[in-house]
Amino acid sequence: MTAIELPSYLDQSEAVSARFDKLKQREVILEVKHLGKQFNSQQGLVTALRDINFKTHRREFVCVIGPSGCGKSTLIRILAGLESPSSGEVLLDNKPVFEPGPDRGMVFQGYTLFPWLSVKHNVMFGLEMQGHTKATAESEALNWIDLVGLEKFADAYPHQLSGGMKQRVAIARALANKPRILLMDEPFGALDAQTRSKMQANLIEIWRNIDITVLFITHDLDEAIYLADRILVLKANPGEVEELIEVPVPRPRTADQVISPEFLATKKRLEELIHPPTAEDDTDELHMIRMTHVGDDVEVMD
Amino acid sequence: MSQSTRWFAVRQALTRKQVTTLTLLSFLLPILVWSLVSYVPFLWHPKIEIVEPGSITWLKPGMLVEQQVFLDQQLLAAEQKTAPPEGFRANPIYLPAPHEVATAFYTAFTTEPTRSSEQWLHESLWHSIQVIFWGFTLSSLIGVPLGVLCGTYVAISRLQEPFIEFFRYLPAPAFGALAVAILGIHDGPKIAIIFIGTFFQQVLIIANTTRKLDVALLEAALTLGAKKFQLLFRVVIPGILPDLYRDQRILLGWAWTYLIVAELIGTSSGITWFITQQARYKNFDNVYAAIIMIGIIGVVSDIVLARLGKRLFPWEKEQVKG
Numbered sequence: 028m029t030a031i032e033l034p035s036y037l038d039q040s041e042a043v044s045a046r047f048d049k050l051k052q053r054e055v056i057l058e059v060k061h062l063g064k065q066f067n068s069q070q071g072l073v074t075a076l077r078d079i080n081f082k083t084h085r086r087e088f089v090c091v092i093g094p095s096g097c098g099k100s101t102l103i104r105i106l107a108g109l110e111s112p113s114s115g116e117v118l119l120d121n122k123p124v125f126e127p128g129p130d131r132g133m134v135f136q137g138y139t140l141f142p143w144l145s146v147k148h149n150v151m152f153g154l155e156m157q158g159h160t161k162a163t164a165e166s167e168a169l170n171w172i173d174l175v176g177l178e179k180f181a182d183a184y185p186h187q188l189s190g191g192m193k194q195r196v197a198i199a200r201a202l203a204n205k206p207r208i209l210l211m212d213e214p215f216g217a218l219d220a221q222t223r224s225k226m227q228a229n230l231i232e233i234w235r236n237i238d239i240t241v242l243f244i245t246h247d248l249d250e251a252i253y254l255a256d257r258i259l260v261l262k263a264n265p266g267e268v269e270e271l272i273e274v275p276v277p278r279p280r281t282a283d284q285v286i287s288p289e290f291l292a293t294k295k296r297l298e299e300l301i302h303p304p305t306a307e308d309d310t311d312e313l314h315m316i317r318m319t320h321v322g323d324d325v326e327v328m329d
Numbered sequence: 009m010s011q012s013t014r015w016f017a018v019r020q021a022l023t024r025k026q027v028t029t030l031t032l033l034s035f036l037l038p039i040l041v042w043s044l045v046s047y048v049p050f051l052w053h054p055k056i057e058i059v060e061p062g063s064i065t066w067l068k069p070g071m072l073v074e075q076q077v078f079l080d081q082q083l084l085a086a087e088q089k090t091a092p093p094e095g096f097r098a099n100p101i102y103l104p105a106p107h108e109v110a111t112a113f114y115t116a117f118t119t120e121p122t123r124s125s126e127q128w129l130h131e132s133l134w135h136s137i138q139v140i141f142w143g144f145t146l147s148s149l150i151g152v153p154l155g156v157l158c159g160t161y162v163a164i165s166r167l168q169e170p171f172i173e174f175f176r177y178l179p180a181p182a183f184g185a186l187a188v189a190i191l192g193i194h195d196g197p198k199i200a201i202i203f204i205g206t207f208f209q210q211v212l213i214i215a216n217t218t219r220k221l222d223v224a225l226l227e228a229a230l231t232l233g234a235k236k237f238q239l240l241f242r243v244v245i246p247g248i249l250p251d252l253y254r255d256q257r258i259l260l261g262w263a264w265t266y267l268i269v270a271e272l273i274g275t276s277s278g279i280t281w282f283i284t285q286q287a288r289y290k291n292f293d294n295v296y297a298a299i300i301m302i303g304i305i306g307v308v309s310d311i312v313l314a315r316l317g318k319r320l321f322p323w324e325k326e327q328v329k330g
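Structural data, given as structure tokens:
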């Protein structure tokens, strides 16, 4: 096998680099400062997150990636206000965040549509909480349902929808509140591969067309590279920022780019960070003995 | 689906036809056993019904005697060379045949009360239904909201549930005498017994149902901007409604089981009064008819409520099938 010569993931084309320059000049929407989170568990005090710092700019798409147990879900729950940090602070538009609010929309990994409400009423829910009248809420909701392509299902109940459709409704429901930032916690994790890539393309399309900043958690490297402007890589025990990668893959993104040099270079880097080759535990190696009567090794055909 | 669905495949669904057959059988089999015991003379039939007393003066036509006694008398008559008594094998009076009970379903309604102050069967039944209705309604009016609050707010649960947990072990009938002393001898204490029997279980069951609501739904609502009471009224209550309805159906069944005890308290009344009265007159066909009527009222009302539930909660449809 010949190794392909890849460029460094740090190399950016002029267009990409110019785009990042512009992006960084935009106003900061979300700022996380020295964020830490500790839990009391049976093993004593566990540090889930330690000294997390980053900023997202307006209309930026940030992915958070990391091995399981790195606290990425805890991080997004703190950003949403569903949990409180042990130290540090979260600023939205320079104002500290203490509790959940409609200025931060959230799409969860599990399906959290209200089963007793139709698609339309699910999307209207937040608007009604905001004190909009039924009529305005309804027309607004229908717009968002159109945007995610579910106009035919406005009156369906969630149990009649597929997983992908449910998540599209969840996105419409979160966006209907016109949040400053959309927080997405592995929203496509439960979907099959095909639906997942369709949903990714849909999400990019939605993001391009409206004024929204996205923070997206995933454990899928391809998904992170395909979607993100920047990828925040966390490491586990304790959850700390390992690196903040600027994705050198130019926009607009297409599915073909997964085999482009920039994409592969980024992926290689992410793999090094998330599965370091020096890992000492060998628990993932199976100690197999030959149990077949057929003499040859199927991989070598000796 | 394969043509021949097997009857005993482990945890496999049966065809509609199989289900219908089994449902019918579940009722027909007990009736069959009952019929066999009633109509096949050599099965059980421990007594002899006298047709002709013969020379034995203390026997009367229609009398039921033990087989041994009858045989002894026959032997005695034979020894004295007098006319032997005649009779046929019969079941005890407390086991009427199916057709007698079936007839009683009609005749129980047409049997005139022995005394003018007593009630007809339909009046007794109606009285029982009213007692159940008020007991259960009063219990629900307080129990359901309290249960929902306990399931929603930990503080309320901690304040209420320890006491309720204690109280629910106290058997409701134990409060009979107290209830009569406080509420008099008429319907008051009966309603109170049904209330006590239902209420404490109700609060705990509904609190549990409320707690089973997926927290993720509440979190989703929070991120959509829902606050305090909006969470309660727009998420918790609609979210648990189908389960709450199912709980209420089960609890209504429990309320019925307290009916007989409740109706014995103070002045005996309702269907219980009818049953004890008919048993006293040895009209056991009427007794069985009345007991079966309670069962029918229970099952029919539950089926009606189940159907209504499907209408009320369309989003629950086919959730069980997945």
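Same order as they appear, the protein sequences are chains A and B. If you're matching positions, the first sequence starts at 28 in this note's numbering and goes up one per residue. If you're matching positions, the second sequence starts at 9 in this note's numbering and goes up one per residue. Virtual Cβ for every residue (Gly too), placed ideally from N, Cα, C.
- Counting every other CB atom within 10 Å of its CB across the protein chains shown gives I316 (chain A) a total below 16, marking it as exposed.
- Proximity of chain B to F135 (chain A) at the Cβ level (cut-off 9 Å) is accounted for by A224, E227, A228, T231, in chain order.
- Taking 9 Å as the cut-off between beta carbons, the residues of the region 108–129 of chain A near chain B are G108, L109, E126, P127, G128, P129, in sequence order.
- P214 (chain A) has a beta carbon lying at 8 Å or more from every beta carbon in chain B.
- Between M151 (chain A) and chain B, the shortest Cβ-Cβ separation is not below 8 Å.
- Residues of chain B with a Cβ closer than 7 Å to the Cβ of Q157 (chain A) are, in chain order, G233.
- Annotated three-state conformation of E58 (chain A) is strand, per DSSP.
- Nearest CB-CB separation between T240 (chain A) and chain B: not below the 8 Å threshold.
- In the three-state reduction of the DSSP assignment, T240 (chain A) falls in the strand class.
- For I208 (chain A), the enclosing beta strand (DSSP E) begins and ends at 208–212.
- Separation of the CB atoms of P129 (chain A) and L232 (chain B) is rounded to 6 Å, and the pair is thereby assigned contact status at 8 Å.
- F183 (chain B) sits in a helix when the DSSP states are folded into three classes.
- The Cβ of T319 (chain A) sits no closer than 8 Å to any Cβ of chain B.
- Taking each of B:F203, B:L157, B:T119 in turn and checking the Cα distance to N216 (chain B), the smallest one comes out for B:L157.
- Chain A has a Cβ within less than 8 Å of the Cβ of Q238 (chain B).
- Following the DSSP letters along the chain, one finds R85 (chain A) in no alpha helix (DSSP H), marked with neither H nor E.
- Contact between the region 113–130 of chain B and the region 225–243 of chain B is not established, with fewer than three Cβ pairs separated by less than 8 Å.
- By the neighbour-count criterion, in which 16 or more other beta carbons inside 10 Å mark a residue as buried, W171 (chain A) falls on the buried side.
- The C-alpha of V308 (chain B) is placed about 25 Å away from the C-alpha of L272 (chain B).
- Residue-level contact check: G247 (chain B) touches chain A, since one or more beta carbons of chain A fall below 8 Å from its beta carbon.
- The beta carbons of Q82 (chain B) and P93 (chain B) sit about 6 Å from each other, so the pair counts as a contact at 8 Å.
- Residues of the region 290–324 of chain B with a C-beta less than 9 Å from any C-beta of chain A: F321, P322, W323, E324, listed in chain order.
- Close to chain B, meaning a Cβ-Cβ distance shorter than 9 Å, are the following residues of the region 190–204 of chain A: A197, R200, A201, A203, N204.
- Around the CB of F208 (chain B), 16 or more other CB atoms lie within 10 Å, so the residue is classed as buried.
- In the three-state reduction of the DSSP assignment, F141 (chain A) falls in the coil class, being assigned neither a helical nor a strand state.
- Within the region 66–85 of chain A, not one residue has a Cβ closer than 7 Å to any Cβ of chain B.
- Here the C-alpha atom of K161 (chain A) lies approximately 8 Å from the C-alpha atom of M151 (chain A).
- Between the region 93–111 of chain B and the region 35–50 of chain B, the count of C-beta pairs closer than 8 Å reaches three or more; the two stretches touch.
- When only Cα atoms are considered, F243 (chain A) and T23 (chain B) end up about 47 Å apart.
- Around the beta carbon of T145 (chain B), fewer than 16 other beta carbons sit within 10 angstroms, so the residue counts as exposed.
- M226 (chain A) and G191 (chain A) have their alpha carbons spaced roughly 7 Å apart.
- In summary, T281 (chain A) is exposed, with fewer than 16 beta-carbon neighbours lying within 10 Å of its beta-carbon over all protein chains present.
- Annotation for Y47 (chain B): A105 place their beta carbon closer than 7 Å to its own, counting only its chain and skipping 5 residues before and after.
- Residue B:L316 holds the alpha-carbon nearest to the alpha-carbon of Q256 (chain B) among B:L316, B:L79, B:K68, B:P170.
- Each residue's CA atom was taken as its position, placing I231 (chain A) and I56 (chain A) some 19 Å apart.
- If you check the CB distance, L140 (chain A) and A197 (chain A) come in under 8 Å.
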